[in-house]
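**Student:** Could you have a look at this structure, given as structure tokens, before my questions?
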Amino acid sequence: MPNLLGSRAAAVGTSLAAAAVSTAAIMIACGYYRNAATLPMQLAFIAGPIALPLIVASLAPSRRTSVWSVTAAILAVGWVYVVYCDTRLDPGGGASFAVIVGWFAAVIALAVALLLTLALAARRR
Numbered sequence: 267m268p269n270l271l272g273s274r275a276a277a278v279g280t281s282l283a284a285a286a287v288s289t290a291a292i293m294i295a296c297g298y299y300r301n302a303a304t305l306p307m308q309l310a311f312i313a314g315p316i317a318l319p320l321i322v323a324s325l326a327p328s329r330r331t332s333v334w335s336v337t338a339a340i341l342a343v344g345w346v347y348v349v350y351c352d353t354r355l356d357p358g359g360g361a362s363f364a365v366i367v368g369w370f371a372a373v374i375a376l377a378v379a380l381l382l383t384l385a386l387a388a389r390r391r
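Here is the structure:
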């Protein structure tokens, strides 16, 4: 079985594929696809924050799998909470702003990915 994070090109491709699958799963589970007028905006606001930290993690000079796995785990925790909040039974109804938690998780994941990538690059020199 080939290593999907072996080279930088493969890691970026894996990151984009993971972001696409995650975005599709989140949008289907939460029902975000039902309004065609806001679909492009929702795609960008979900796929972008997922893809950016994963792409940064895939640029690590060494230990790429470890950096990518930590980044993906942070993203997964945040976006699973978004799905949980948007799919639970809420007798009050109303708008859900749970996606902000996903964005916050993406900011944390991006910071971790940047720090680990820069630390590994500095250690390598």
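According to my numbering, the sequence shown holds residues 267 to 391 in order.
Idealized CB from N, CA, C, for every residue including glycine.
1. I'd like to check one pair, residue 295 with residue 236: are the Cβ atoms closer than 8 Å?
2. So what's residue 311 in DSSP terms, helix, strand or just coil?
3. What distance in whole Å lies between the Cβ atoms of residue 313 and residue 285, which are believed to be in contact at a cut-off of 8 Å?
4. Once you ignore the five residues that flank residue 322 on each side, which residues in its own chain have a CB closer than 7 Å to its CB?
5. For residue 365, count neighbouring Cβ atoms within 10 angstroms of its own Cβ and tell me buried if that reaches 16, exposed if not.
6. How about residue 338 and residue 320: are their beta carbons less than 8 Å apart?
7. At 3 residues or longer, and completely inside the segment 310-354: list those beta strand (DSSP E) runs for me, N to C.
8. Quick one: Cα of residue 269 to Cα of residue 283, how far?
9. In three-state DSSP terms, what is residue 404?
10. Distance, Cα to Cα, residue 335 vs residue 303?
11. Give me the residue from 316, 300, 301 with the minimum Cα distance to residue 370.
12. In angstroms with no decimal places, state the Cα-to-Cα distance between residue 387 and residue 352.
13. Return the chain-ordered list of same chain residues with a C-beta closer than 7 Å to the C-beta of residue 277, the five sequence neighbours on each side being excluded.
**Tutor:** Concretely, from the data shown:
1. This structure does not reach residue 236, given that the chain is present from 267 up to 391, and the question cannot be answered.
2. Here residue 311 corresponds to residue number 45 of the sequence shown, with the count starting at 1. Residue state, collapsed to three classes: helix.
3. Against the sequence shown, residue 285 aligns to sequence position 19. Against the sequence shown, residue 313 aligns to sequence position 47. That pair is a contact at about 5 Å.
4. Mapped onto the sequence shown, residue 322 falls at position 56. These residues qualify, in order along the chain: 376, 379, 380, 383.
5. What you label residue 365 is simply residue 99 of the sequence shown in a count that begins at 1. Buried is the call here.
6. By one-based count along the sequence shown, residue 338 stands at place 72. By one-based count along the sequence shown, residue 320 stands at place 54. Cβ distance < 8 Å, so residue 338 and residue 320 count as in contact.
7. none
8. The residue given as residue 269 occupies position 3 in the sequence shown. The residue given as residue 283 occupies position 17 in the sequence shown. Cα-Cα distance, rounded: 15 Å.
9. Past the edges of the chain, shown from 267 to 391, lies residue 404, and the structure says nothing about it.
10. As a first step, residue 335 is located in the sequence shown; it is residue number 69 there, counting from the start. As a first step, residue 303 is located in the sequence shown; it is residue number 37 there, counting from the start. Rounded to whole angstroms, residue 335 to residue 303 spans 35 Å at the Cα level.
11. Here residue 370 refers to the residue found at position 104 of the sequence shown. Here the closest residue by C-alpha is 316.
12. For the purposes of this step, residue 387 is taken as the residue at position 121 of the sequence shown. For the purposes of this step, residue 352 is taken as the residue at position 86 of the sequence shown. If I take the Cα positions, the gap works out to 39 Å.
13. Locating residue 277 in the sequence shown gives position 11, where the first residue counts as 1. Cβ within range, chain order: 271, 324, 330, 334.
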